[in-house]
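Engineer:
Residue numbers (the working numbering), protein chains in the order written: chain A, 3 to 361; chain B, 3 to 361.
Here it is in structure tokens:
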């Protein structure tokens, strides 16, 4: 570990300050005092579309061509009162496949999400919807052109989502649909509620150079410094953003993503890229029951290898495999798990030590 | 740089978004004190889909069938500290066509939206995304089946949005694209920024009995009383919700919608329906320059007729045509206009008098 300090020591401090679930479950906490909040867009470009709608002549019968905006990224934010005390750095929390900014909000069983918790811990929090998802919209031109008959059905994007059944096993709620692991941290009684936030993913519309990478870089610059957090499909997006332009990226948190770029079906990071990433503190996080799923072990080992490579290149990368740190039963959706605030405290402790300078 | 994306491209994006950041820097109001905030879903039903993705065998190759959730409605909310003082009633703010909850958030030129303003005025505010929009997701089954070849292209939903050009004239930013009305209240210098929040509308996937109606009714019951506000495409949704189940609907605000149901291409309200709606206080709002657009006069007169019918049936309906009330230049997006807080004050005054009992 960098600086010769063991993560176990940091963990001891972090767990000692963890907020108990009971204290916050009853929502009897102090009011949340916000200095500023709102929403805006990052990126976006104007294109000329020949299919504003799927109807000849357009929605109003006045024509079906015009300018629309694509590749934009919606961002919501909250800045706590007094947040800059202690040199706190803003945190951007980006969701993964088939999900939206909701990932980091109130959990399916009604507990506080990381968005509010990090704000209560004095951090400005920025919550995007990925390009081509949710409030960021998507380019419907291709779908409309197929409807209009000017493109074949094979031109349609491969839209995907997760079924309830696949989510249960893939996200490691349990070994088979309806059966949880005995120590499962995901609130499986609210699995149906979780299903409501699983939505279609149209990333297949996007180029390999996903515009979200560029938008993340630009956001970090706009914020004059930020920690970028990604999850699953977007787990390695912070690194991709840093490889485009590291200015403003003060730290990276990669949660259960593909550090070898296997999700994006691209080659793993080159030595030159590793050298660039070695300039930014990186925290990689995985939950529990990895070995119980055929899907996850290669991703965990791929990220372990990535962490080793970054450190060998003189970087500051930390692998936080939760069961090795004494937290058991965490699912893929560890920001929604029953012990989500304990996990958040570990991240905050890492941020304080590795990004904010040990305050 | 990876992906061939230059720093210049990133910088362009970063600077392009710095305009609203500067506008936000002038925020000098008191902190916002929140008692509770979060998000949840209303409604939703589980269906069996035969096309979880557009690829045979599914995303993971383990099959393409399974259970998904559709018809759910995402809702964000904030409850101010001390909000119940004065008998304040929660307000649900629903967006219209081709837009999302962003409608009521920070304006395109960086000013406070109604969501924060109403919270500062002591109201709990609830911000949904319509069913089949944004964070509420949509049912991609049909699109996927067309891609898979099991349905013809003609089965595709008619997805629509507004081009920048059509939005300018239809939303009454000005008489022709790029030219504002001389007294235009919409921040036309931020028209490009507005374009980023215009997204595809998949309401064509939904039945005539739009699930959003039912979800609005359910939300008002869950909140033990709420004012439902709709806009444009959803302008008459509060009335539709009240006609399904009025319990909990303490008041209705219909902004520039079709009171004769012309948007939904359905027959206008019957005398029986008018009699039911006469039990709930209703505020109908239209902006300026109605006569300058061929599209809007029938909608204004249709709503004037509706207000007369409700009052003739013993109800409490008010038509607020802003120029008649001394506010000139308002566009279709009056919640984002430069005088949006003045308009909000008129709504709050109506709420205090007609819903909250004259406090």
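Positions of the beta carbon are idealized from the N, C-alpha and C atoms, including for glycine.
Quick one, which residues of the segment 248–273 of chain B are near chain A if we go by CB-CB under 7 Å, in chain order?
Structural biologist: Residues: none.
Engineer: Against chain B, does residue 359 of chain A count as a neighbour if the rule is that its beta carbon must be under 8 Å from one of theirs?
Structural biologist: no
Engineer: Given this structure, state the Cα-to-Cα distance separating residue 300 of chain A from residue 55 of chain A, to the nearest angstrom.
Structural biologist: Each residue's Cα considered, the two are about 43 Å apart.
Engineer: Only counting the same chain, and skipping five residues up and downstream in sequence, which positions put a Cβ closer than 7 Å to that of residue 140 of chain B?
Structural biologist: 134, 204 and 207
Engineer: For residue 352 of chain B, I'd like the list of residues in its chain whose CB is within less than 7 Å of its CB, leaving aside the five on either flank, ordered along the chain.
Structural biologist: 285 and 320
Engineer: Once the 5 residues before and after residue 358 of chain B are set aside, which same chain residues still bring their CB inside 8 Å of it?
Structural biologist: Once the five neighbours on either side are set aside, the close Cβ partners of residue 358 of chain B are 88, 89, 90 and 91.
Engineer: Of all the CB atoms in chain A, is at least one closer than 8 Å to the CB of residue 161 of chain B?
Structural biologist: yes
Engineer: Give a yes or no on whether the minimum CB-CB distance between residue 42 of chain B and chain A is below 8 Å.
Structural biologist: With 8 Å as the cut-off, residue 42 of chain B counts as an interface residue toward chain A.
Engineer: For residue 74 of chain A, which of helix, strand or coil comes out of DSSP?
Structural biologist: strand
Engineer: Around the Cβ of residue 28 of chain A, are there at least 16 other Cβ atoms within 10 angstroms (buried) or fewer (exposed)?
Structural biologist: The predicted model places residue 28 of chain A with a pLDDT of 43, which falls under 50 and marks its position as unreliable, so this point remains unresolved.
Engineer: Report the CB separation of residue 254 of chain B from residue 271 of chain B in whole angstroms; it is logged as a contact under 8 Å.
Structural biologist: For residue 254 of chain B against residue 271 of chain B, the beta-carbon gap comes to about 13 Å, at or over 8 Å, which does not count as contact.
Engineer: Is the shortest distance between the beta-carbon of residue 342 of chain A and the beta-carbons of chain B less than 8 Å?
Structural biologist: no
Engineer: Assuming residue 436 of chain B is part of the alpha helix (DSSP H), what are its boundary residues?
Structural biologist: Shown here, chain B extends from 3 to 361; a query on residue 436 of chain B therefore has no answer.
Engineer: Kindly indicate which three-state DSSP category residue 202 of chain A falls into: helix, strand or coil?
Structural biologist: In the three-state reduction of the DSSP assignment, residue 202 of chain A falls in the coil class.
Engineer: Quick one: is residue 316 of chain A buried, meaning 16 or more other Cβ sit within 10 Å of its Cβ, or exposed?
Structural biologist: exposed
Engineer: My parser needs the alpha helix (DSSP H) runs of 4 or more residues fully inside the segment 234–294 of chain B; what are they?
Structural biologist: 239–246 and 273–279
Engineer: In whole angstroms, what is the alpha-carbon distance linking residue 65 of chain B and residue 168 of chain A?
Structural biologist: 9 Å
Engineer: Within 10 angstroms of the Cβ of residue 296 of chain B, are there 16 or more other Cβ atoms? Answer buried if so, exposed if not.
Structural biologist: That one is exposed.
Engineer: Should residue 67 of chain B go down as buried or exposed, given a rule of 16 or more other Cβ atoms within 10 Å for buried?
Structural biologist: exposed
Engineer: Let me know the alpha helix (DSSP H) ranges lying completely inside the segment 297–335 of chain B, each 4 residues or longer, listed in chain order.
Structural biologist: Counting whole runs of 4 or more residues, the segment 297–335 of chain B contains the alpha helix (DSSP H) stretches 299–314.
Engineer: Let's test the definition: count the other Cβ atoms within 10 Å of the Cβ of residue 342 of chain B and tell me whether it reaches 16, buried, or not, exposed.
Structural biologist: By the neighbour-count definition (other C-beta atoms within 10 Å, threshold 16), residue 342 of chain B is a buried residue.
Engineer: Would a check of beta-carbon distances place residue 76 of chain B closer than 8 Å to chain A?
Structural biologist: yes
Engineer: Check whether chain B comes within 8 Å of residue 18 of chain A, counting only Cβ atoms and requiring the distance to be less than that.
Structural biologist: Bear in mind that a pLDDT of 37 at residue 18 of chain A, under 50, signals an unreliable position, so the number given afterwards is only what the model happens to contain. No - not a single Cβ of chain B is within 8 Å of the one on residue 18 of chain A.
Engineer: Measuring straight from C-alpha to C-alpha, what distance separates residue 132 of chain A and residue 350 of chain B?
Structural biologist: Roughly 35 Å separates the two Cα atoms.
Engineer: Using the Cβ count rule (16 or more neighbours within 10 Å means buried), how would you classify residue 333 of chain A?
Structural biologist: Counting C-beta atoms within 10 angstroms of its own C-beta, residue 333 of chain A has 16 or more neighbours from the protein chains shown and is therefore classed as buried.
Engineer: Check the Cβ of residue 142 of chain A against every Cβ in chain B and list those closer than 7 Å, keeping chain order.
Structural biologist: Near residue 142 of chain A (Cβ distances below 7 Å), the residues of chain B are 161, 163 and 202.
Engineer: Among the residues of its own chain, which have a CB less than 6 Å from the CB of residue 104 of chain A, if the five just before and after it don't count?
Structural biologist: Same-chain partners within the cutoff: 199.
Engineer: Does DSSP classify residue 2 of chain A as helix, strand or coil?
Structural biologist: Nothing in the structure corresponds to residue 2 of chain A, since chain A is present only between 3 and 361.
Engineer: Closer than 9 Å by beta-carbon distance: list the chain A residues that pair up with residue 291 of chain B, in chain order.
Structural biologist: Those within 9 Å of residue 291 of chain B in chain A number zero; the least Cβ separation is about 17 Å.
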